[in-house]
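Peer 1:
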Amino acid sequence: MIINLFNLRLMRLLKWIIISVLLAGCNFHETKSVKDNVLVYCSEGSPETFNPQLSTSNTTFDASSRPIYNRLIEFKPESTTIQPSLATNWEVSKDGKSYTFNLRKGVRFHSSHYFQPEREFNADDVIFSFERQKNNDHPFHNISSLKFGYFDSMGLDKLINRIEKLDDYTVRFILNRAESPFLSALAMDFASILSAEYGEHLLAAQTPEFIDVHPVGTGPFQLDRYQPDAFIRYKANPDYWEGKQLLAHVIFAITPEPSLRFARMLAGDCDIMAKPLPIHIKAAQKHDNIQVISQPGLNIAYLAMNTQKPPFNNQLVRVAINHAINKNSIIKAVYRETATKAKSPVPPNMWSYDQSLIDYQYNPELAKELLLEAGFSSGFKMNIVTTNAQRSYNPNAKKMAELIQQDLKKVNIQVNITSFEFGKFLSYTSNGLHQSALAGWVSDNGDPDNFFSTLLSCNATHSGTNAAFWCDHSFSELTAEARSKSKLNERLIIYKTLQKTFKEAAPWVPIAHATQHFIVNSRIKNFKIASNGGAFFTNVYLDNSNKKSHNGD
Amino acid sequence: MTKIILRQLIIMLLSLITLTIFTFSLTRFFPVDSSITGNANVDNAAHLFFHYFDYLKLIVSGDWGYSRINGSDVLKDFLLYFPATIELSFAALIISISIGLPLGVFAARHKNMWQDKLIVSTTLVGYSMPIFWWGMLLVLLFSLTLSLTPVASRIGFEYDILPVTGFMLIDTLISNKPYAVEAFFDALHHLILPAIVLGTIPLAIFTRVTRASMIEALSSDYIRTAKAKGLATSRIIWVHALRNAMIPIITIIGLQISVLITGTLITEIIFSWPGVGKWLLEAVYRRDLVTIHGGLLAIASTVIFINMLIEITTYLINPRLRLQK
Numbered sequence: 001m002i003i004n005l006f007n008l009r010l011m012r013l014l015k016w017i018i019i020s021v022l023l024a025g026c027n028f029h030e031t032k033s034v035k036d037n038v039l040v041y042c043s044e045g046s047p048e049t050f051n052p053q054l055s056t057s058n059t060t061f062d063a064s065s066r067p068i069y070n071r072l073i074e075f076k077p078e079s080t081t082i083q084p085s086l087a088t089n090w091e092v093s094k095d096g097k098s099y100t101f102n103l104r105k106g107v108r109f110h111s112s113h114y115f116q117p118e119r120e121f122n123a124d125d126v127i128f129s130f131e132r133q134k135n136n137d138h139p140f141h142n143i144s145s146l147k148f149g150y151f152d153s154m155g156l157d158k159l160i161n162r163i164e165k166l167d168d169y170t171v172r173f174i175l176n177r178a179e180s181p182f183l184s185a186l187a188m189d190f191a192s193i194l195s196a197e198y199g200e201h202l203l204a205a206q207t208p209e210f211i212d213v214h215p216v217g218t219g220p221f222q223l224d225r226y227q228p229d230a231f232i233r234y235k236a237n238p239d240y241w242e243g244k245q246l247l248a249h250v251i252f253a254i255t256p257e258p259s260l261r262f263a264r265m266l267a268g269d270c271d272i273m274a275k276p277l278p279i280h281i282k283a284a285q286k287h288d289n290i291q292v293i294s295q296p297g298l299n300i301a302y303l304a305m306n307t308q309k310p311p312f313n314n315q316l317v318r319v320a321i322n323h324a325i326n327k328n329s330i331i332k333a334v335y336r337e338t339a340t341k342a343k344s345p346v347p348p349n350m351w352s353y354d355q356s357l358i359d360y361q362y363n364p365e366l367a368k369e370l371l372l373e374a375g376f377s378s379g380f381k382m383n384i385v386t387t388n389a390q391r392s393y394n395p396n397a398k399k400m401a402e403l404i405q406q407d408l409k410k411v412n413i414q415v416n417i418t419s420f421e422f423g424k425f426l427s428y429t430s431n432g433l434h435q436s437a438l439a440g441w442v443s444d445n446g447d448p449d450n451f452f453s454t455l456l457s458c459n460a461t462h463s464g465t466n467a468a469f470w471c472d473h474s475f476s477e478l479t480a481e482a483r484s485k486s487k488l489n490e491r492l493i494i495y496k497t498l499q500k501t502f503k504e505a506a507p508w509v510p511i512a513h514a515t516q517h518f519i520v521n522s523r524i525k526n527f528k529i530a531s532n533g534g535a536f537f538t539n540v541y542l543d544n545s546n547k548k549s550h551n552g553d
Numbered sequence: 554m555t556k557i558i559l560r561q562l563i564i565m566l567l568s569l570i571t572l573t574i575f576t577f578s579l580t581r582f583f584p585v586d587s588s589i590t591g592n593a594n595v596d597n598a599a600h601l602f603f604h605y606f607d608y609l610k611l612i613v614s615g616d617w618g619y620s621r622i623n624g625s626d627v628l629k630d631f632l633l634y635f636p637a638t639i640e641l642s643f644a645a646l647i648i649s650i651s652i653g654l655p656l657g658v659f660a661a662r663h664k665n666m667w668q669d670k671l672i673v674s675t676t677l678v679g680y681s682m683p684i685f686w687w688g689m690l691l692v693l694l695f696s697l698t699l700s701l702t703p704v705a706s707r708i709g710f711e712y713d714i715l716p717v718t719g720f721m722l723i724d725t726l727i728s729n730k731p732y733a734v735e736a737f738f739d740a741l742h743h744l745i746l747p748a749i750v751l752g753t754i755p756l757a758i759f760t761r762v763t764r765a766s767m768i769e770a771l772s773s774d775y776i777r778t779a780k781a782k783g784l785a786t787s788r789i790i791w792v793h794a795l796r797n798a799m800i801p802i803i804t805i806i807g808l809q810i811s812v813l814i815t816g817t818l819i820t821e822i823i824f825s826w827p828g829v830g831k832w833l834l835e836a837v838y839r840r841d842l843v844t845i846h847g848g849l850l851a852i853a854s855t856v857i858f859i860n861m862l863i864e865i866t867t868y869l870i871n872p873r874l875r876l877q878k
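For the protein sequence lines, the chains are A and B, in the order given.
Heads up: the first sequence is residues 1 to 553, going by the working numbering.
Heads up: the second sequence is residues 554 to 878, going by the working numbering.
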């Protein structure tokens with residue numbers, strides 16, 4: 001009896017514990033009203049700053065330029081096509097040296113507890129944003145310890161002669177020379193437009209450094225609260241010029257550990273997960289309330305054959321190698337299907353890509369015949385240089401080299417692999433010491449010139465970025481011509497010719513364009529990946545109609 | 554009484570001085586911040602002594618230097634993150650006491666029967682459990698497989714709760730948001746699993762100590778007298794036996810509090826709990842020596858302070874100690 005009584009008490013206690021746990025659980029599931037217009041994004045790290053001018057990192061751009069700011073012109077999501085944003089239209093002079101932008105009227109900067117704008121966006125803000133980066137004497141030029149990474153490395157300080165304000169809503173960029181990729185440079189994150197009025201306000205308050213910490217932009221969302229290493233909270237900008245967003249809040253849950261990010265995704269704590277590992281992509285396919293959104297990146301991984309060294313000075317040999325490498329198995333084993341097969345130097349989502357380009361098919365027999373024709377009936381020995389660092393275009397270059405080694409063995413070519421640390425790899429290949437190398441490239445300004453001139457022109461053999469040391473003078477002249485042309489379709493015709501020439505000469509074996517991934521809850525609609533792989537929350541909305549209860553209670 | 558408190562205060566002061574001498578010498582070995590240590594290169598012992606006093610003055614006045622990474626005030630940062638750690642430790646303490654004590658009593662009642670053996674062996678397992686492994690296992694089971702609990706952090710990201718006291722359970726209730734109550738339950742829901750993980754080892758210890766102490770108490774003569782008097786068994790157990798058995802239990806509970814505060818560091822990292830542990834780990838990753846120095850000083854002084862309180866409490870509740878002198 002005593003025991004029973006005691007057991008009863010114990011059972012009652014246990015029952016209470018269970019009930020209170022369940023009660024807390026129930027309450028959690030009834031929070032639908034709060035979650036219904038809030039998007040939680042599990043991001044991979046804290047941003048360095050909230051000013052995109054000062055960064056080259058996509059993590060920072062995700063948190064600053066895309067939600068908070070606008071640029072004069074912007075890339076359409078998922079592509080590198082340019083669309084109007086703060087500039088409604090623009091004109092390029094005949095000589096290609098002057099760009100005139102007509103600015104949008106009625107755009108308001110964010111109003112918050114730290115700053116209330118008194119005027120609308122105008123030409124002064126454009127000039128302020130660029131002068132800060134260009135002009136060494138600008139009061140905001142030196143206030144941060146961070147550098148203007150893109151502006152400086154792209155040489156815009158030398159390219160831009162001056163920026164003129166024609167009237168409040170017209171602004172003109174005068175360049176020192178004609179350069180058509182300049183337009184896509186203006187769509188990059190570092191070209192975000194900050195408020196000149198806010199700048200003056202901060203100077204008057206003697207706190208200029210706040211401009212990078214407490215951002216004021218024109219974008220769809222404005223910064224609400226930030227706790228480093230924990231979260232960033234944004235709220236919809238009520239005065240957004242395209243109309244207020246459907247999402248009331250976007251919250252970045254900063255989760256550097258990939259497996260915790262995935263766990264949060266599975267538990268429903270976050271709606272979108274950045275940078276999943278290949279195993280997460282596989283695992284995500286087993287759950288029906290989450291999906292993987294992928295987009296080919298603006299990158300290329302390729303085998304560069306040094307055309308100035310035998311036997312690769314022979315075009316037939318280069319074509320033979322192209323036929324001998326099985327790209328499908330590389331994409332399976334190295335990328336685990338998270339890449340697309342490459343045939344051109346530019347990725348398919350870049351506007352100059354030639355869809356009709358015919359790739360060399362995997363055909364070892366044909367390769368052997370070509371080698372025979374080239375006079376290598378008994379094969380030869382070659383060396384491939386790789387790096388042991390993981391790159392965004394190539395997760396495992398060494399493994400890729402080993403697969404190529406196997407493939408080439410079938411056509412009697414003996415491959416020797418040398419693997420270097422990344423810095424050493426770059427200096428080794430840029431000095432042309434290699435016979436062949438597994439190289440790669442990532443573009444971020446979305447201009448094909450970034451591939452053709454930088455990787456394949458004669459000039460690039462001097463600077464070392466032309467890893468194949470392939471110098472075709474007519475090809476180089478055409479790239480320069482394309483650069484100076486301002487009409488898109490004229491450039492397009494040239495780039496298509498260039499791709500055909502490239503394919504015939506075969507200085508590379510283009511291997512893969514690595515894909516960028518996000519894991520997304522199925523309630524998220526209209527989520528798009530920015531062209532350079534970043535997350536993009538403009539015009540995203542939530543569909544809570546078929547939302548599942550976590551445990552069905 | 555006052556004598557005892559005074560003695561404890563002196564002991565605490567001595568420990569604190571030893572601690573600051575230690576941290577001061579660390580700042581000599583590693584470049585922390587010239588604002589804390591003074592920048593003269595000192596060989597002379599007397600100079601060193603004065604520098605130590607300057608250092609002590611800064612520490613006491615609350616100037617603990619500024620983080621090298623984000624320039625924030627280290628003491629302010631500590632005070633920002635510390636409530637999260639306290640909240641978690643306190644929840645773990647409540648869970649371990651409220652389960653451990655009755656379980657220990659239950660085991661003592663069934664001494665050497667299968668229930669007792671089951672509890673004793675389970676607590677042995679619980680006691681020797683590596684926390685990080687146990688935490689991950691529970692997350693896998695309760696959060697990922699059964700979807701009963703959230704995976705990490707203090708509250709759902711959708712709730713915007715301003716830190717006023719730093720204690721999430723209080724902040725949610727005093728916030729003027731329409732979802733204050735909802736947020737409170739969400740915070741509670743987030744607290745359960747980390748608290749269980751953190752409370753596991755203390756729970757095992759409390760169960761074992763309670764059991765041993767109760768067995769001793771139940772076998773004493775006055776319990777037999779009480780039984781003979783015909784008192785209700787529940788009264789005998791919960792009033793007469795347990796009260797006497799409590800003295801060693803409370804001592805152990807006191808000791809466990811400082812273990813809990815330091816033990817949260819691992820739990821915080823597993824559950825991405827924004828407390829002192831996570832703050833310190835980030836500082837270590839970033840080689841932020843000023844923050845590491847401040848964190849070390851703050852945690853160690855907290856433990857010293859809590860130990861003093863425990864000593865005094867034990868003294869107050871234990872009549873034998875109280876009457877000794």
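A virtual CB, placed ideally from N, CA and C, is assigned to each residue, including glycine.
Every value quoted in this text rests on a predicted model; they were computed, and no experiment measured them.
1) Can you confirm whether Glu44 (chain A), when its beta carbon is compared against all beta carbons of chain B, has any partner nearer than 9 Å?
2) Along chain A, in chain order, which residues have C-beta atoms closer than 8 Å to that of Pro827 (chain B)?
3) Start and end of the beta strand (DSSP E) containing Gly440 (chain A)?
4) Can you tell me which residues form a DSSP beta bridge with Asn102 (chain A)?
5) With a cut-off of 8 Å on the beta carbons, I'd call Ser649 (chain B) and Leu579 (chain B) a contact; round off their distance for me.
6) Gly830 (chain B) and Leu818 (chain B) look like a contact to me (Cβ under 8 Å); what is the Cβ gap, rounded to whole Å?
7) Going by Cα to Cα distance, which pick from B:Thr571, B:Gly816 and B:Arg777 is closest to Phe685 (chain B)?
8) Assuming Glu78 (chain A) and Ser522 (chain A) are in contact, meaning their beta carbons sit under 8 Å apart, how far apart are those beta carbons, in whole angstroms?
9) Could you tell me which residues DSSP puts in a beta bridge with Lys235 (chain A)?
10) Which residue marks the beginning of the beta strand (DSSP E) containing Pro84 (chain A), and which one marks its end?
11) Is Thr763 (chain B) near Ala661 (chain B), with beta carbons less than 9 Å apart?
12) Report back the beta-carbon spacing between Thr515 (chain A) and Gly297 (chain A) to the nearest angstrom; my notes put them in contact at under 8 Å.
13) Looking only at C-alpha atoms, which of A:Trp470, A:Pro258 and A:Leu247 sits nearest to Gln308 (chain A)?
14) Using a Cβ-Cβ cutoff of less than 8 Å, which residues in the same chain neighbour Thr49 (chain A) once the five nearest sequence positions on both sides are dropped?
15) For Met565 (chain B), tell me which candidate among B:Leu869, B:Ser854, B:Asp724 and B:Val658 has the shortest Cα-Cα distance.
16) Since Val385 (chain A) is in the beta strand (DSSP E), which residue starts that stretch and which ends it?
17) In chain order, which alpha helix (DSSP H) runs of at least 4 residues are fully inside the region 113-200 of chain A?
18) Of all the residues that make up the region 781-814 of chain B, which are near chain A by a beta-carbon distance shorter than 7 Å?
19) Scan the region 723-738 of chain B for residues whose Cβ lies nearer than 7 Å to a Cβ of chain E and list them as they occur along the chain.
20) DSSP three-state call for Phe422 (chain A): helix, strand or coil?
21) Taking Asp269 (chain A) as the query, report the chain B residues whose CB atoms sit under 8 Å from its CB, ordered along the chain.
22) Along the region 614-648 of chain B, what residues have a CB closer than 8 Å to any CB found in chain A?
23) Counting beta carbon pairs with one atom in the region 742-752 of chain B and one in the region 663-670 of chain B, are three or more of them shorter than 8 Å?
24) Gln516 (chain A) bridges to which residues according to DSSP?
25) Rank A:Lys94, A:Ser93, A:Asn89 and A:Ser112 by C-alpha distance to the C-alpha of Lys105 (chain A) and give the top, closest one.
26) State the DSSP-derived secondary structure class of Thr867 (chain B), mapped to helix, strand or coil.
27) Beta-carbon within less than 7 Å of Ser766 (chain B)'s beta-carbon, same chain only, minus the 5 sequence neighbours each way: which residues are those?
28) CA-CA distance, Leu316 (chain A) and Lys327 (chain A)?
29) Cutting at 6 Å between CB atoms, please list the residues of its own chain near Ile325 (chain A), excluding the five before and the five after it.
30) How should Phe28 (chain A) be labelled, buried or exposed, when 16 other C-beta atoms within 10 angstroms of its C-beta is the threshold for buried?
31) Might you give, ordered along the chain, the residues of its own chain that have their beta carbon closer than 7 Å to the beta carbon of Gln561 (chain B), omitting 5 neighbours on each side?
32) Taking only beta-carbon positions, decide if Val717 (chain B) is within less than 9 Å of chain A.
33) Check for me: the beta strand (DSSP E) holding Lys341 (chain A) runs from which residue to which?
34) What ranges does the alpha helix (DSSP H) occupy inside the region 462-549 of chain A, keeping only unbroken runs of at least 4 residues that lie completely in it?
35) Please return the same chain residues whose Cβ sits closer than 7 Å to the Cβ of Asp626 (chain B), not counting the five positions on each side in sequence.
Peer 2: Looking at the atomic coordinates:
1) no
2) Gln227, Asp229 and Ala230
3) Ser436 to Val442
4) A:Asn89 and A:Thr170
5) With a contact defined as Cβ atoms closer than 8 Å, Ser649 (chain B) and Leu579 (chain B) miss out at about 34 Å.
6) 3 Å
7) For Phe685 (chain B), the nearest C-alpha among the options comes from B:Gly816.
8) Wrong, their Cβ atoms sit about 19 Å apart, outside the cutoff.
9) A:Gln222 and A:His249
10) Ile82 to Pro84
11) Cβ distance < 9 Å, so Thr763 (chain B) and Ala661 (chain B) count as in contact.
12) 6 Å
13) A:Trp470
14) Ser55, Thr60, Ser64, Ser144, Leu146, Asp212 and Val213
15) B:Ser854
16) From DSSP, the beta strand (DSSP E) with Val385 (chain A) extends over Phe380 to Thr387.
17) 123-134, 149-153, 156-159 and 182-186
18) Thr786 and Ser787
19) In the structure shown, chain E cannot be found, because the protein chains are A and B.
20) helix
21) What Asp269 (chain A) touches in chain B: Pro703, Val704, Ala705, Ser706, Gly709 and Phe710.
22) Asn623
23) no
24) A:Gln295
25) A:Asn89
26) Taken through DSSP and simplified to helix, strand or coil, Thr867 (chain B) comes out as helix.
27) Ala798, Pro801 and Ile802
28) 19 Å
29) If we look at Ile325 (chain A) and ignore the five residues flanking it on each side, its Cβ neighbours are Ile404, Asp407 and Val509.
30) With a pLDDT of 48 at Phe28 (chain A), under the threshold of 50, the modelled position of that residue is not reliable, and no figure is offered here.
31) Met861, Glu864 and Ile865
32) no
33) Ala339 to Lys341
34) 473-484 and 488-505
35) Tyr619
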